[in-house]
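J.: Before I ask anything, here is the structure I am working with.
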Amino acid sequence: VPGNELQIYTWMDATLRELTGLIKEVNIESRVRGTTFDFVLVSPEYNCPRFNAFEIGLTVAGNRSPDDSKTLGNTRFSIGDYLDVCITPPERFMRRPAPMRYLKKKNLSLIEQ
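Those letters in the sequence shown? Residues 9 to 121, by this note's numbering.
Here is the structure:
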């Protein structure tokens, strides 16, 4: 178990902004304005010994983002799942490509035209 692992027990109506606040309370380095919190849902596959991962949102310390008000209940999260949160300091933030779900939708719309 990693030394910096954090276990949070919360309700399904908890928002990503609230979870970000809980992380910032215990992780001093993440309190810097502009720190990025990238949330990934990790859930076990029921018939196989595998896990599935889904991006569910991104928040930024000190800034508003569209995913701030997203709740765990609005995602595929169910009891027993895990959240993997990538915390990136502001000086190391790199622009990442759009999630595949957006690229697929964009490509489908080009094919239909």
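Where a beta carbon is used, it is the ideal one built from N, C-alpha and C, also for glycine.
L116 to E33, Cα distance in whole Å?
T.: Since pLDDT at L116 reaches only 40, below the 50 mark, its modelled position is unreliable, and the value read off the structure follows with that caveat. One alpha carbon belongs to L116, the other to E33, and they sit about 43 Å apart.
J.: Taking a contact to mean a Cβ-Cβ separation below 8 Å, would you say T44 touches T96 in this structure?
T.: With contacts defined as CB atoms closer than 8 Å, T44 and T96 qualify as a contacting pair.
J.: Return the first residue and the last residue of the alpha helix (DSSP H) that T28 is part of.
T.: 24-34
J.: Just tell me which of D46, V68, D75 has its CA closest to the CA of A61.
T.: Of the candidates D46, V68, D75, the one whose C-alpha sits nearest the C-alpha of A61 is D46.
J.: My output table needs one value for E53: the three-state DSSP class, helix, strand or coil.
T.: coil
J.: Taking contact to mean 3 or more Cβ pairs, one atom from each stretch, closer than 8 Å, check whether the stretch 55-75 and the stretch 11-19 are in contact.
T.: no
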